[in-house]
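Yeah, the sequence shown ends on 659 if you go by our numbering, and it's all consecutive.
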Amino acid sequence: MKSKIVFLLTLTILAGTFLLPSRGGQPEVRLPLSFDHYYTYDMLNEALKKLAKAFPKLTNLETIGKSDEGREIMCLTLNNPATGPETEKPAVYVDGNIHGNEIQAGEVCLYLLDHLLHNYGSNPEITEVVDRNCFYVIPCVNPDGRYHFLADGNTSSSNRSLRIPKDDDNDGLVDEDFPDDLDSDGNICQMRRKNPFGRFKTDPEDPRLMIPVKPGEKGEWETLGQEGIDNDQDGMVNEDTEGYLDGNRNWSYDWQPEYAQSGAGDYPFEGVGLKAIASFIRSKPNICIGWTFHNNGGMYLRGPSSKAQREYPQSDIAVYDHLGQNAERITPGYRYMISWKDLYPTHGDSMEWLVMLNGVYGFVGELFQTETETFQTRKEEQKKKGLPEEEEDGMARFMSQDNSQARQRLLFNDHLVQGELYKPWKPFKHPLYGDIEIGGWVKMSSRLPAPFMLKDLVHRNASVVIFSAKNTPRVRMEIFEKKRIGNDLFRLRIRLANDHAVPSMSQTARQSKLYPEDMLTVSGTGIKVTAAGQLLNSDTDQVRYKEYRPEIQFLAVPGFGKIEYQFLVSGNGPVQIDYTSRHAGKISKKINLTD
Ligand SMILES: [Ca+2]
Ligand SMILES: [Ca+2]
Ligand SMILES: [Ca+2]
Ligand SMILES: [Ca+2]
Ligand SMILES: [Zn+2]
């Protein structure tokens with residue numbers, strides 16, 4: 065329920081708004097996809113359909129569920145059946161836009177698919193990555209969010225929630241007082257009013273900005289928050305907007321109730337779309353790497369998501385470090401970090417659910433760095449900070465909260481995007497506040513790159529995903545010894561080697577016994593495995609024998625490493641050796657003991 069705006073809004077015709085695909089002429093969705101604009105929810109689905117239609121052999125497009133408002137959640141599976149069924153290949157799961165306003169995450173997913181599909185067969189590395197892996201890509205986890213973010217007036221940070229109505233102010237009404245786009249320009253900007261007792265004055269360096277007054281100094285401006293009126297006339301403005309249920313606090317691992325984790329929802333998987341996605345993921349046991357894309361800040365985050373969980377096992381950290389440090393190289397400026405420690409703790413997020421309940425190596429990609437919006441030479445930048453020219457000062461830059469960054473961004477707005485990111489202050493007659501001004505950053509600013517920077521962002525982050533896909537387990541089996549050691553007794557030594565970073569099973573999954581380990585079996589009608597176990601040292605013949613059913617060995621193949629097994633086999637005839645793994649596929653070999 066949402067009450068109507070109680071007075072008429074003046075419609076204003078907009079000048080150029082190249083940031084929004086829905087205004088000033090919507091670009092047509094054509095293949096190969098272009099990334100000089102953003103995709104509405106409908107355009108995004110159209111793009112997926114066009115990709116699936118153009119590459120029917122490699123793709124399978126499914127609606128895997130519906131959102132709370134009934135919009136389709138689409139997943140495109142990329143798999144080459146000619147090189148094997150999807151579940152027998154390591155899979156990379158990629159999603160984005162769980163937060164409604166974080167739309168470029170969807171473009172990263174689209175670009176990844178478009179790039180892999182259009183270069184398959186011509187680029188040998190991409191061809192190998194596609195032939196060897198399976199990809200599950202859900203560009204928009206929160207379709208209601210994406211739809212409303214682009215269709216309605218918003219700030220760059222509003223409309224993150226799932227569309228499950230909640231009464232934020234306990235007045236018996238739900239979602240009854242959104243901010244209002246008073247000047248009908250598609251944005252929720254800021255309101256301010258002339259007031260000598262206000263706490264702000266005009267910034268002398270850029271009159272579009274305000275700075276706080278010093279103690280005792282006369283004020284000039286009073287800030288009145290986001291554009292809006294008191295829709296339900298309860299004396300508060302904009303106090304109960306959509307939701308709030310944060311899609312990334314509503315997953316079932318380490319879920320905590322609302323009073324401990326804001327945005328948690330009433331129970332895990334209250335969001336029907338999230339539940340559908342979780343069921344989909346559970347039906348794909350081959351997923352070994354997961355990427356969930358958000359904005360912003362320029363980070364590649366790994367878990368743990370909270371301190372209480374304690375650090376991941378050392379061998380898993382080695383895998384994260386390899387992928388994370390190379391991701392930092394692929395996207396200079398982004399930092400590889402541990403989410404609870406280096407950012408903030410969360411409970412019930414999707415990445416940790418992937419890691420702790422599904423044995424996936426999971427990352428969050430926080431796209432875009434606002435501080436890249438500058439209009440200064442490197443010399444000028446260093447001089448302003450009082451630093452020698454050569455010295456790097458990444459942290460100071462990241463933490464900068466004063467107006468210096470805002471001034472830079474305004475100059476960027478003026479000279480790089482010709483005024484598209486910022487609305488100059490304009491007078492407005494407010495029903496409650498009287499003569500006010502409305503102005504400030506538009507919704508397509510601050511967390512989203514300007515379209516001319518979008519291509520760079522999506523390509524680099526798709527390359528980060530591709531790098532991880534190049535590192536999914538590639539296990540090879542070698543029977544490196546077959547020796548008669550008795551009259552009717554043979555010794556087989558088998559090596560399983562993995563030349564990629566990701567093991568066939570995460571240590572987290574093994575420790576928690578999330579699912580059965582990989583199996584290595586030796587069988588045959590004329591033979592019997594009398595003893596077998598892991599070969600710890602082939603020089604000293606040290607073997608850790610398994611007491612019962614030695615013909616089946618349970619194991620995991622490490623990343624950048626090998627594991628060896630010894631089987632003592634009696635009898636004669638053909639011997640079948642099978643390796644099966646959820647993440648590393650299947651390998652079968654046949655030998656004859658007496659050949
Ligand atoms: Ca309410
Ligand atoms: Ca609400
Ligand atoms: Ca109100
Ligand atoms: Ca209210
Ligand atoms: Zn987010």
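Backbone N, C-alpha and C define an ideal beta-carbon position, used for all residues, glycine too.
{"Check": "Span separating the alpha-carbon of Y486 from that of T104", "Outcome": "21 Å"}
{"Check": "Buried or exposed by the 16-neighbour rule on C-beta atoms within 10 Å, applied to N350", "Outcome": "buried"}
{"Check": "Classification of P243 by the beta-carbon crowding that lies within 10 angstroms, buried from 16 upward", "Outcome": "buried"}
{"Check": "Rounded straight-line distance, which links the Cα of R227 to that of R210", "Outcome": "11 Å"}
{"Check": "Within 8 Å, strictly: CB atoms of L387 and A118", "Outcome": "no"}
{"Check": "Span separating the alpha-carbon of A573 from that of S379", "Outcome": "12 Å"}
{"Check": "Bridge partner(s) assigned by DSSP for A215", "Outcome": "DSSP output for A215 lists no bridge partner at all."}
{"Check": "Between the CA atoms of I353 and Y157 - distance to the nearest angstrom", "Outcome": "6 Å"}
{"Check": "Heavy atom of ligand 2 within 7 Å of Y660 beta-carbon", "Outcome": "Within the shown structure, residues of the chain are numbered from 65 to 659, placing residue 660 beyond reach of any answer."}
{"Check": "Local conformation of P145 per DSSP, three classes", "Outcome": "helix"}
{"Check": "Contact belief for V586 with L556 at Cβ below 8 Å, rounded distance in angstroms", "Outcome": "7 Å"}
{"Check": "P127 - containing beta strand (DSSP E), residue span", "Outcome": "Sequence check: residue 127 is Thr here, not Pro. Here the beta strand (DSSP E) through T127 covers 123-130."}
{"Check": "R196 - containing alpha helix (DSSP H), residue span", "Outcome": "188-196"}
{"Check": "Spatial distance of D132 from P207 (CA atoms)", "Outcome": "9 Å"}
{"Check": "Beta-carbon spacing of T536, P154 below 8 Å", "Outcome": "yes"}
{"Check": "Contacts around Q90, its chain only, beta-carbon distance under 6 Å, and the 5 residues preceding and following it disregarded", "Outcome": "none"}
{"Check": "For G337, the nearest candidate out of S316, G134, E444, D247 (CA to CA)", "Outcome": "G134"}
{"Check": "Rounded straight-line distance, which links the Cα of L521 to that of T644", "Outcome": "38 Å"}
{"Check": "Under the three-state DSSP convention, the category D241 falls into", "Outcome": "strand"}
{"Check": "For M255, three-class secondary structure by DSSP", "Outcome": "strand"}
{"Check": "Contact belief for F264 with P279 at Cβ below 8 Å, rounded distance in angstroms", "Outcome": "So it is not a contact: roughly 14 Å between Cβ atoms."}
{"Check": "C-alpha gap between E284 and F492, whole angstroms", "Outcome": "17 Å"}
{"Check": "Same chain, Cβ closer than 8 Å to G637, five either side skipped, listed in chain order", "Outcome": "G588, T589, G590, I591, N656, L657"}
{"Check": "Distance cut-off 7 Å: L237 Cβ against heavy atoms of ligand 4", "Outcome": "yes"}
{"Check": "Anticipated Cβ contact below 8 Å, I202 with S222, distance rounded", "Outcome": "23 Å between Cβ atoms; not a contact."}
{"Check": "Where the alpha helix (DSSP H) containing Q571 begins and where it ends", "Outcome": "571-575"}
{"Check": "Option nearest N165 by Cα separation, candidates E435, K610, S248, D310", "Outcome": "D310"}
{"Check": "Span of the beta strand (DSSP E), counted from its first residue to its last, around G429", "Outcome": "425-431"}
{"Check": "L496 classed as buried or exposed, judged by whether at least 16 other C-beta atoms fall within 10 angstroms", "Outcome": "exposed"}
{"Check": "Contact test: P243 Cβ vs ligand 2 heavy atom, cutoff 7 Å", "Outcome": "no"}
{"Check": "Classification of D330 by the beta-carbon crowding that lies within 10 angstroms, buried from 16 upward", "Outcome": "exposed"}
{"Check": "CB of Y629 within 8 Å of CB of Q617, strictly", "Outcome": "yes"}
{"Check": "Own chain residues within Cβ distance below 6 Å of L95, not counting five before or after", "Outcome": "K114, A118"}
{"Check": "heavy atom of ligand 1 below 7 Å from E322 C-beta", "Outcome": "no"}
{"Check": "Euclidean distance between Cα positions of K449 and D270", "Outcome": "19 Å"}
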